[in-house]
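Residue numbers (my numbering): 201 to 290.
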């Protein structure tokens with residue numbers, strides 16, 4: 201479930217970037233994913249390791265009817281406790 205919520209967050213961010221830069225499409229997006237904090241209270245048990253396959257499915261499903269429909273999502277696991285978009289190819 202958290203994988204899908206994260207996918208929605210990422211798609212929303214990519215759509216905002218596309219709108220800001222007046223892009224009609226994004227060919228690919230490089231995304232780095234760490235362990236995602238579910239609660240911001242500092243307790244290690246409140247984190248979840250995101251499943252890359254589930255995240256990929258979520259991204260593709262949510263992006264389906266948007267300008268991101270043909271975007272290739274390149275996801276890389278990294279250390280840390282957050283995610284970020286590191287590169288966009290328009």
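Cβ atoms here follow ideal geometry from the backbone N, Cα and C, with glycine treated the same way.
Since this is a predicted model, take the numbers as computed values, not measurements.
Check, Outcome
"For residue 273, the residue or residues it bridges with in DSSP", "229"
"Per DSSP, the bridge partner or partners of residue 284", "232"
"Contacting residues, own chain, Cβ-Cβ under 6 Å from residue 288 (five flanking each side not counted)", "226 and 229"
"Buried or exposed (CB count within 10 angstroms, at least 16 for buried), residue 203", "buried"
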